[in-house]
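With the UniProt record's numbering, letter number 77 in the sequence shown gets 77, and the count goes up by one each step, no holes.
Worksheet: the structure to be examined is printed underneath.
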Amino acid sequence: MHKVILIIIDGLAHEVARHSLGYLLAMTEAGRATGYKLQCELPALSRPLYETILTGTRPVDHDVVHNGVVRLSNETSLFHLAQRAGLTTAAAAYHWMSELYNRAPYDPVRDRFTQDPQLPIQHGIFYHQDDYPDSHLLLDAEWLRQGADPDLLLIHPMNVDHAGHQFGLDSSQYRNSARRFDLLLADYVPRWLQQGYQLMITSDHGMNRDRSHSGALPEEREVPLFVLGSAFSHDRHAHPRQTELCGTLASLLGLDHHKPQCRELLI
């Protein structure tokens, strides 16, 4: 069993990640991280793809097919698997994560700060404004990590996606938002690795030049995946799929599951 941190950088297109994430690219050049290009499932929308990443199921199968589907998941998520196995779960994330796995609809007074061992996400700090600063989110996540000592921690920043919707794929604001989050990560990743965490960093979907996403353009579907930690194989020839991330993380956590996984990613 390994402890896991999953980071979903909302709305980060691979074509921007491959030249803007200087710290993660430096870790890759140093042999301490391995990067891949994934193709996200369709539709390339946030709530459907949160569900895909965290359950291993395609949107057309789990039926969360657009962002207006406000209900609890009908699938068994990574959080459900971990909580049922007696592991500790936590998330610093957008409130749609709370609506998928804890309670729906989201009530900020009740749900923004969550401490409940009976819920799939037992320890949570959820936010509900797209411009909630990524710097604050990482502080929330580190507070949860130090206080709850989770086996599974989700970190889900929104500023890259927010900049993309305001200014589009080919904008300095979008690229610089990605750069800022990457540099913020540089303060946390070394301590997380030192504590023995396995890190998976990816995105749900990309962004187009129309300041939107949902379709099949490469810039909408192609997203990055970085893995860091000693439990990964760092096989550069692996070909992971978005539907395999949940099962791969479940295996790292030592969970009994029947989710699809990319065995090539693991030792």
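All residues carry an ideal CB built from backbone N, CA and C; glycine is no exception.
Small disclaimer: the values here were computed from a predicted structure and weren't measured.
Using C-beta distances below 6 Å, list every residue in its chain close to Q261, excluding the 5 sequence neighbours before and after it, in chain order. E244, G247, T248, S251
Check: Touch check for the region 186–199 and the region 209–224: three-plus C-beta pairs under 8 Å?
Finding: no
In this structure, does DSSP put A90 in helix, strand or coil? strand
message = Which same chain residues end up closer than 6 Å to H95 when comparing Cβ atoms and leaving out the 5 residues on each side of it in sequence?
response = Y106, F126, H128
- Within this structure, are the beta carbons of D210 and G168 separated by less than 8 Å? yes
Alpha-carbon spacing of L266 relative to L253, whole angstroms: Pairing L266 with L253, the inter-Cα distance amounts to about 12 Å.
* Decide if L225 is buried, meaning its Cβ has at least 16 other Cβ atoms within 10 Å, or exposed. => Label assigned to L225: buried.
* To do: Just the C-alpha distance for G31 and L25, rounded to the nearest angstrom, thanks.
  => 10 Å
- Query: What are the residues that DSSP puts in a beta bridge with F219?
  - Reply: Phe is not the amino acid found at residue 219; the sequence shown has Glu there. Looking at the DSSP assignment, E219 forms no beta bridge with any residue, so it has no partner.
Where DSSP assigns a beta bridge to M200, which residues make up the other side?
L6, V227
(request) For H162, name the three-state secondary structure that DSSP assigns. (result) helix
What are the start and end residues of each continuous beta strand (DSSP E) run of 3 or more residues lying completely inside the region 97–148, in chain order? Runs found: 113–115, 123–127.
For F181, is the classification buried or exposed, using 16 other Cβ atoms within 10 angstroms of its Cβ as the cut-off for buried? buried
Start-to-end residues for the alpha helix (DSSP H) that takes in Y50: 46–55
Buried or exposed: where does N74 fall if 16 or more other Cβ atoms within 10 Å of its Cβ makes it buried? exposed
TODO: Please check the pair F232 and T28, which I expect to be a contact at CB under 8 Å, by giving their CB distance rounded to whole angstroms.
DONE: Actually they do not touch by this definition, with Cβ atoms about 12 Å apart.
- Message: Nearest by alpha-carbon distance to I9: which of L228, Q118, V160, E41 is it?
- Response: V160
Nearest candidate by alpha-carbon position, reference residue 315, set M207, A104, E142, L81: Given a span of 1 to 267 for the chain in the structure shown, any question on residue 315 remains unanswerable.
message = At the level of alpha carbons, what is the spacing between H165 and R103?
response = 27 Å
| task | Take S77 and list the residues in its own chain whose beta-carbon comes closer than 7 Å to its own, dropping the five residues that flank it on each side. | result | L54, T55, Y101, P120
Among the residues of its own chain, which have a CB less than 8 Å from the CB of D170, if the five just before and after it don't count?
R209
Who are the Cβ neighbours of A178 in its own chain at under 7 Å, not counting the five residues just before and after it?
L12, V16, A17, S20, L21, V160
Using the beta-carbon count (16 or more within 10 Å), is Q115 buried or exposed?
So Q115 counts as exposed.
Report task. Measuring alpha carbon to alpha carbon, tell me which of P117, G124, S230 ends up nearest A92. Result -> G124
Note to self: So, under 8 Å CB-CB, Y50 and D235 are touching, yes? Tell me the CB distance rounded to an integer number of Å.
What the structure shows: Actually they do not touch by this definition, with Cβ atoms about 27 Å apart.
- Sort L153, Y188, F113, L38 by Cα distance to P240 and report the nearest one. L38
Inset, instruction - Kindly list the residues whose CB is nearer than 6 Å to the CB of I201, restricted to its own chain and excluding five residues on each side of it in sequence; keep chain order. - result: I7, F226
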